[in-house]
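In order, the protein sequence lines correspond to chains A and B.
Read in order, the letters of the first sequence are residues 998 to 1116 in the working numbering.
Read in order, the letters of the second sequence are residues 9 to 159 in the working numbering.
Note that the Cβ used here is the ideal one computed from N, Cα and C, for glycine as well.
So the structure is just underneath, and the comments pick up after that.
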Amino acid sequence: MEKKDFYEMNGETLIVHLPEELDHHSVEKIREGTDELFLAKRIRNVVFDYGNTSFMDSSGIGLVMGRYREVRYLKGDIFITCVNQKVSRILEISGLYRVAKQAKEVEDALKMIQTNYCG
Amino acid sequence: MKYMKDQMIVEFDSASKNESFARIVVAAFATRLDPTLEEIADIKTAVSEAVTNSIIHGYENGDGKIRIETVIVEDTITIIVQDFGVGIENVKKAMEPLYTTKPDLERSGMGFAFMEAFMDELFVESEIGIGTKITMRKVINQGENHKSQIK
């Protein structure tokens, strides 16, 4: 888990590969990492990759909401991708899908972003 | 059927790295009820929420002890998460979905809502300067189809 690169840039899109367990402890670290990137780069969209995530609590909701507030100024989008059954219920109850877009894979989200901005 | 009762008590430092320890130890204890994967996930989330509340709000990220008592009676698991921190001024308000006293820390205000959603019962007792005690209860394996599965 630690060895993997959490962050990846694709144009103005930040891709965050979330860890296996998304709780207050791990979210704090990710927030520090994304804060640094938001200061250093122009980020318009954030794609969250839940592919490895098998646990999530409300701290994970706060993380997505916080990034949503940041990209909103640039009229960007938040994408939630690769959601498995274990975390889908949490995401549904939280109402996050009202502010975040859903895509099956990271690639699908990137395609949606491209069509949106480049016609 | 023999009356079954089991108890487990664990106490640990208020630190975020102990959140995963807390939910894993309660989940491990709960396995003797032969819960479904979904029930285990529910318990883990609820415990994680309660413990995180104690760390962030009860002790405001400072030092303290968190105590978890888990009791199994027949098919019901009762989980009591207790801290000896600052306490909650207005429990009713704190339990409202999306309400948080720490928006700067990006808390979503969903903690109690998740505990309520994933457990069957939730009681919150709190006293300023004394601490907070969360009692959660869940009945495991209520469905008949589960019984036929294990046969």
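Own chain residues within Cβ distance below 8 Å of residue i, not counting five before or after
i	result
residue 158 of chain B	Residue confidence is low: residue 158 of chain B scores 49 on pLDDT, short of 50, so the model does not pin down where it sits. Its coordinate-derived value is still stated next. Closer than 8 Å at the Cβ level, and outside the excluded window around residue 158 of chain B, lie 42.
residue 1004 of chain A	1011, 1012, 1013, 1014, 1030, 1031 and 1034
residue 110 of chain B	64 and 65
residue 52 of chain B	31, 32, 34 and 35
Neighbour-count burial assignment, residue i, 16 or more Cβ in a 10 Å radius
i	result
residue 148 of chain B	buried
residue 81 of chain B	exposed
residue 39 of chain B	exposed
residue 90 of chain B	buried
residue 138 of chain B	exposed
residue 115 of chain B	buried
Option in the options with minimal Cα separation from residue i
i	options	result
residue 118 of chain B	B:18, B:12, B:44 and B:60	B:60
residue 1035 of chain A	A:1006, A:1048, A:1018 and A:1046	A:1006
residue 1104 of chain A	A:1094, A:1048, A:1059 and A:1095	A:1048
residue 1076 of chain A	A:1037, A:1023, A:1095 and A:1019	A:1095
residue 1042 of chain A	A:1017, A:1070 and A:1022	A:1070
Spatial neighbours of residue i in its chain, beta-carbon cut-off 6 Å, leaving aside the 5 residues before and after
i	result
residue 13 of chain B	81
residue 16 of chain B	37 and 78
residue 135 of chain B	95
residue 67 of chain B	22 and 93
residue 1073 of chain A	1041 and 1042
Close Cβ partners of residue i (< 7 Å) along its chain, the five nearest in sequence each way excluded
i	result
residue 3 of chain B	There is simply no residue 3 of chain B to check, as chain B begins at 9 and stops at 159 in what is shown.
residue 1097 of chain A	1061, 1065, 1075, 1076 and 1077
residue 1091 of chain A	1058
Those residues which DSSP pairs with residue i across a bridge
i	result
residue 147 of chain B	B:84
residue 1004 of chain A	A:1013
residue 139 of chain B	B:135
residue 1100 of chain A	A:1078
Checklist line | Given 8 Å, three or more beta-carbon pairs between the region 50-57 of chain B and the region 1048-1068 of chain A | finding: yes
Checklist line | the region 1024-1032 of chain A touching the region 92-107 of chain B, judged by at least three CB pairs closer than 8 Å | finding: no
Next item on the list: Please determine if the region 113-133 of chain B and the region 20-28 of chain B are in contact, where contact requires at least 3 C-beta pairs separated by less than 8 Å.
Entry: no
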